[in-house]
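Notes for the one structure printed next.
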Amino acid sequence: MSAVVHPQAADNSGHAHADLHQHKQSFVSKYIFSHDHKMISKQFLITAIVMAWVAMIMSIMFRLQIAYPGESFAFTHFFLGDKWAPNGVLSPSMFLGLVTIHGTIMLFFVLTGGLSGTFANLLIPLQIGARDMASGFLNMLSAWFFMAASVMMLSSLFVESGPAAGGWTVYPPLSVLPQAIPGSGTGMTLWLFSMVLFIIGSLMGSLNYIATVLNLRTKGMRMTRLPLTVWGLFLTAIVGVLAFPVLVSAVVLLIMDRMLGTSFYLSEIYIAGEALDNMGGSPILYEHLFWFLGHPEVYIVILPAFGISSEIISTMSRKPIFGYRAMIGSLMAISFMSFLVWAHHMFITGMNPFLGAVFSFTTMLIAVPSSIKVFNYITTLWRGNIIFSPAMLFSIGMVSTFIVGGLTGIIVANAALDIQVHDTYFVVAHFHMVMGVSAIFAMMAAVYHWFPRMYGRMMNTKLGYWHFWGTMIAAYGVFIPMHYVGIGGGPRRYYEYTEFPMFQGHFMDLNVMITVFACMGGLMQIIFTYNFFHSIWYGQKAVENPWHSNTLEWTAPVEHVHGNWPGPLPVVHRWPYDYSKPGKPDDFVPQTVPLEEGEEDEGN
Amino acid sequence: MMTLLILAVLVLGLMVVFRLSRVADLTNELRGSRQEHITERTNWLQGRLMWLFGAVYLILFVWLPYAYSDVFLPTAASEQGVWIDNMYTYNWWLLGIVFFLTNIALFYFAGRYYHRDGKRAFWYPHNNKLEMVWTVVPTVVLVATIIYGIIVWNRITAAPAPGTMQVEVYSKQFDWTFRYAGKDGKLGATDYRLINAENPLGIVTRKALAARLAGLKEEAAKATADRDAQAHVLPEDLLKEKDKDVAHLNRMVERLLGLQALMEQDIKDNGDNSTYLHGADDKVTKEFHLPVDTDVELLFRSQDVIHSAYLPHLRAQMNTVPGMTTRINIKPTITTDSMRVITNNSEFDYILMCNKVCGISHYNMQSPLTVETSGAFKVWNIVLPVFEKPGAATAQVAEPAAGTKEESAAQTEPGTNK
Ligand code: HEM
Ligand SMILES: [Cu+2]
Ligand SMILES: [Cu+2]
Chain A
-13 MSAVVHPQAA
-3 DNSGHAHADL
7 HQHKQSFVSK
17 YIFSHDHKMI
27 SKQFLITAIV
37 MAWVAMIMSI
47 MFRLQIAYPG
57 ESFAFTHFFL
67 GDKWAPNGVL
77 SPSMFLGLVT
87 IHGTIMLFFV
97 LTGGLSGTFA
107 NLLIPLQIGA
117 RDMASGFLNM
127 LSAWFFMAAS
137 VMMLSSLFVE
147 SGPAAGGWTV
157 YPPLSVLPQA
167 IPGSGTGMTL
177 WLFSMVLFII
187 GSLMGSLNYI
197 ATVLNLRTKG
207 MRMTRLPLTV
217 WGLFLTAIVG
227 VLAFPVLVSA
237 VVLLIMDRML
247 GTSFYLSEIY
257 IAGEALDNMG
267 GSPILYEHLF
277 WFLGHPEVYI
287 VILPAFGISS
297 EIISTMSRKP
307 IFGYRAMIGS
317 LMAISFMSFL
327 VWAHHMFITG
337 MNPFLGAVFS
347 FTTMLIAVPS
357 SIKVFNYITT
367 LWRGNIIFSP
377 AMLFSIGMVS
387 TFIVGGLTGI
397 IVANAALDIQ
407 VHDTYFVVAH
417 FHMVMGVSAI
427 FAMMAAVYHW
437 FPRMYGRMMN
447 TKLGYWHFWG
457 TMIAAYGVFI
467 PMHYVGIGGG
477 PRRYYEYTEF
487 PMFQGHFMDL
497 NVMITVFACM
507 GGLMQIIFTY
517 NFFHSIWYGQ
527 KAVENPWHSN
537 TLEWTAPVEH
547 VHGNWPGPLP
557 VVHRWPYDYS
567 KPGKPDDFVP
577 QTVPLEEGEE
587 DEGN
Chain B
789 MMTLLILAVL
799 VLGLMVVFRL
809 SRVADLTNEL
819 RGSRQEHITE
829 RTNWLQGRLM
839 WLFGAVYLIL
849 FVWLPYAYSD
859 VFLPTAASEQ
869 GVWIDNMYTY
879 NWWLLGIVFF
889 LTNIALFYFA
899 GRYYHRDGKR
909 AFWYPHNNKL
919 EMVWTVVPTV
929 VLVATIIYGI
939 IVWNRITAAP
949 APGTMQVEVY
959 SKQFDWTFRY
969 AGKDGKLGAT
979 DYRLINAENP
989 LGIVTRKALA
999 ARLAGLKEEA
1009 AKATADRDAQ
1019 AHVLPEDLLK
1029 EKDKDVAHLN
1039 RMVERLLGLQ
1049 ALMEQDIKDN
1059 GDNSTYLHGA
1069 DDKVTKEFHL
1079 PVDTDVELLF
1089 RSQDVIHSAY
1099 LPHLRAQMNT
1109 VPGMTTRINI
1119 KPTITTDSMR
1129 VITNNSEFDY
1139 ILMCNKVCGI
1149 SHYNMQSPLT
1159 VETSGAFKVW
1169 NIVLPVFEKP
1179 GAATAQVAEP
1189 AAGTKEESAA
1199 QTEPGTNK
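If you read the protein sequences in the order shown, they are chains A and B. Residue numbering for the first sequence follows the numbering used here, starting at -13 and increasing by one per position. Residue numbering for the second sequence follows the numbering used here, starting at 789 and increasing by one per position.
Structure, rendered in structure tokens:
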């Protein structure tokens, strides 16, 4: 596959003779102290799958309580025991704890660490033609920090006073004062330190991804020939590097308020029969700092998802992605603008209404590049020759859920409309659609698509179909009715609705519907988990390029080698989307195939 | 037992599925088929499933709000709410159209263009004109929408006309307290250090401040004496605790003295306009009433953590933040009684609920709101006791009048928050 190579271009990361590195490795150096990006990506993925299960089981437990308030469930009791689920009824404080940890895990550990960590590690070096990441050592550290942060977050579930329970946004003063809620004791401390570890790991990873993309592209791999996956992951890393440090500062100030008696976020508080000394701080300051990360964070979640679905939709439609440049342009526009919209989470905090107007406006503008992307996906499908692999199904599912979430975004971006639905289930439904489900679908798609690249074996396609359709139905069954719960005025983070006559009858029927579908969705993931782990050991052996894809990762041998390509590095001659190009014998032309005389390259 | 049974059936069922798929796999593998090789028949089937799913999805999407329409809130009960609802109507139509067009295109194309062997996809890498169209059109539509939105937003958040009636809504874990101005029509100054059983909102008047100071000084003296008495029997760490308490109390006294000086200065400078002179006739109550068709400015404060005052029927919401005062304008337009007729529900009440997670009983931090004619409102308001009756030592907080609806179970008596 790799054509003639100039000697100096053959190697750009110093592993002059990659194949010589294949000496026997011990278990520890291969699986734990690995510097190899492919192994590290597997570490991220497996950790994320474990964390996703934890967070999903939590969501089922709190959903059961919401739909059947006060009823006893052996399921809940099994996981939480007598202390947090006396007689099998979830306790109100653990309810808030579960909601908080569910959100935190899903957002940070599954969809940031899990999604970016796994696929940036796997795909960046392989798709740009590099031997490995710029710094293998930093990369290993980043995976360790991620795992340490995961362990610390899980350990907070076992402390006496319970885990952090103020919502994943941990707004002060609630998160500062253990008098206000028991979860703000040790549980909160662990939450904060876990986040600090997580962010350190994430920064090391991101810097590495950026350096790798900028410096280690193989010969011929111009930025305009990068697959959209790499673009998505690259921009994600940039956004992460710029946004996460601000969260660290917010968290550090919070830690100081909690431990050193400072008053960054506290002022004029009277609690538990006592007037506190703190004067002059402001919780609004925290909200600004938090959302300066918090909003870009949702793009950190969705940008890799965009990249992945673009790549898969193009490959499996056997058709170039429509508007490659516009896709890159929208990714860049979204990344840039994601820093200009944070205060749309704060319309009703008492912030100056003029700011509300400004942030409404910027938020509305960010919908433009998002809609361009949707139109381009749809046009890519048009007159395609679509192969419905499970990955393709999940990618189409991702586009459909992103449409719903994107449209409801136009409601919540509008400050005046947000007054009515802010902090109701409408918002919960909105962000699950646009970010939660969309990104999870993209992650699933990526796992099915690149599984042969990761493990050298195929996942079972039939089980993939069952998994997809079951998950798709469950996802819509959960989140479409949830919009109506919110439009009806149902606040989020409510332990039960029994205290309100207006929230009975059909309102509760919707809640039951949501919970039933949530349980179904959970069961569907058993199919996936089985398929995943079974295929690691017993799946059909993969061939080199199972999906007839153009990108470089499929030119490397199925068996992983240190340095990725046994011989010289591949050289790139064209953009990655030459599918069904007229005049070519096959419906794909790998990037390593030289241009013919007089042939146009779209990526020029 | 039942759960065990269900569990067993589930596990067995899944095992059967996995076994069957394994068997199917092995036979297929023997026939040389591969996981990545997806037959035309399968592609056709998946394409049709896309159609089926898309159709069922869109139909259920319409059916659901129709069948569950009584979940939606009744018509907006405030002027601001009507503006918001009108804008919702416009937005739902806009989004609905885009939603249907894009979903139909997505599912239709997905099902229509399934893989056929020997066919080739259409080479269509870009079309600048088309892309320009779908950049410009959404931009124009979205900008128009948001300009409409900002106009409404500015109207809702505009500064109130001078002389607008003010009502304070005060939040604490886990209930609401309200304050109405007395004869002077103005709300008095507050300070959180004055909060105690008699003064749940910490209203500052000369009398209240003096009383609180005296109380605090006494407390400080007692704490100091207590500490000195036990100085040589207590272990060091406990003693440190006591020292801290004493220091805290002394600091409080210090600061209240400062506040007192500030107050006197303000009264000297502003005379009758000083906010420190407006508190005595304020009315503090656990009941929430508003007059219909009257512009009201609601002021929000919080005692402990962030709460959010959410009035879904009035389409109004604002966070209450410790350390600052937030505000909204509201003009209720439908009385509770009329709403009972409109909703055909004689039990109907407007509800103020907490909508920012604030602790264990967040889900039950509520208070009914009565909107009534201004005559009825005056009658209700006039009999509320004032904070400091001229001459009386301390004022009482009005208890909910007998016969009104039971308030939430978690509601504590004012002043029991020790
Ligand atoms: C198994 C599927 C899931 C179900 C049934 C589910 C359900 C829920 C529900 C009902 C809430 C709101 C609880 C409340 O406010 O009272 C919630 C909160 C949340 N979920 Fe999920 N969720 C699921 C998956 C996900 C995924 C994939 C993400 C990834 C982004 C996610 C992220 C969040 C976040 C960030 C919150 C906010 C937590 C908070 O209020 O602090 N969830 N989830
Ligand atoms: Cu945001
Ligand atoms: Cu509250």
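Glycine included, each C-beta is placed from N, C-alpha and C at the ideal position. Keep in mind that this is a model prediction, so the values were computed, not measured.
Residue i, enclosing alpha helix (DSSP H) - first and last residue
i, result
"Glu1160 (chain B)", "No alpha helix (DSSP H) contains Glu1160 (chain B), which is instead part of the beta strand (DSSP E) from 1154 to 1160."
"Trp922 (chain B)", "916 to 945"
"Met440 (chain A)", "424 to 441"
"Gln1091 (chain B)", "Taken as a continuous stretch (DSSP letters only), Gln1091 (chain B) belongs to no alpha helix (DSSP H), as it is neither H nor E."
"Phe179 (chain A)", "172 to 201"
"Glu273 (chain A)", "269 to 303"
"Asn517 (chain A)", "492 to 524"
Test: residue i CB closer than 7 Å to a CB of chain A
i, result
"Ser809 (chain B)", "yes"
"His1095 (chain B)", "no"
"Gly1147 (chain B)", "yes"
"Pro1100 (chain B)", "yes"
"Gly1111 (chain B)", "yes"
"Trp941 (chain B)", "yes"
"Ala1183 (chain B)", "Residue placement at Ala1183 (chain B) is poorly supported in this model, since its pLDDT is 43, which falls under 50; the coordinates still yield a value, given next. No, because no Cβ of chain A sits closer than 7 Å to the Cβ of Ala1183 (chain B)."
"Arg1015 (chain B)", "no"
Pairwise C-alpha distance: residue j and residue i
i, j, result
"Arg807 (chain B)", "Leu814 (chain B)", "11 Å"
"Gly474 (chain A)", "Pro1100 (chain B)", "8 Å"
"Gln490 (chain A)", "Gly472 (chain A)", "14 Å"
"Ala461 (chain A)", "Met838 (chain B)", "15 Å"
"Ile1118 (chain B)", "Val414 (chain A)", "27 Å"
"Ala197 (chain A)", "Met190 (chain A)", "11 Å"
"Trp328 (chain A)", "Met444 (chain A)", "42 Å"
"Glu530 (chain A)", "Pro282 (chain A)", "37 Å"
"Gly584 (chain A)", "His559 (chain A)", "13 Å"
"Val1034 (chain B)", "Glu1006 (chain B)", "11 Å"
Under 7 Å between C-beta atoms of residue i and residue j
i, j, result
"Gly293 (chain A)", "Thr215 (chain A)", "yes"
"Ala864 (chain B)", "Arg1128 (chain B)", "no"
"Thr1063 (chain B)", "Phe1088 (chain B)", "no"
"Ser381 (chain A)", "Ala431 (chain A)", "yes"
"Met37 (chain A)", "Ser136 (chain A)", "yes"
"Trp561 (chain A)", "Arg311 (chain A)", "no"
"Met510 (chain A)", "Gly456 (chain A)", "yes"
"Tyr285 (chain A)", "Ile1094 (chain B)", "no"
Chain B contact for residue i (CB, 7 Å cutoff)
i, result
"Tyr441 (chain A)", "no"
"Phe354 (chain A)", "Correcting the residue identity first, residue 354 (chain A) is Val in this sequence and not Phe. Answer yes: the Cβ-Cβ gap between Val354 (chain A) and chain B drops below 7 Å somewhere."
"Met242 (chain A)", "no"
"Lys205 (chain A)", "no"
"Gly474 (chain A)", "yes"
"Ser27 (chain A)", "no"
"Thr335 (chain A)", "yes"
"Asn400 (chain A)", "yes"
"Asp118 (chain A)", "no"
"Asp68 (chain A)", "no"
Segment limits, beta strand (DSSP E) that includes residue i
i, result
"Lys1071 (chain B)", "1071 to 1073"
"Gln954 (chain B)", "953 to 960"
Supposed contact pair residue j and residue i - C-beta distance, whole angstroms, cut 8 Å
i, j, result
"Gly1067 (chain B)", "Thr993 (chain B)", "5 Å"
"Tyr251 (chain A)", "Pro159 (chain A)", "7 Å"
"Gly476 (chain A)", "Thr394 (chain A)", "In fact, because the Cβ distance is near 15 Å, the residues do not count as touching under 8 Å."
"Leu982 (chain B)", "Gly990 (chain B)", "4 Å"
>> Residues around ligand 5, please: the ones whose beta-carbon is closer than 7 Å to some heavy atom of it, in chain order.
In response: This structure lacks ligand 5; its bound ligands are ligand 1, ligand 2 and ligand 3.
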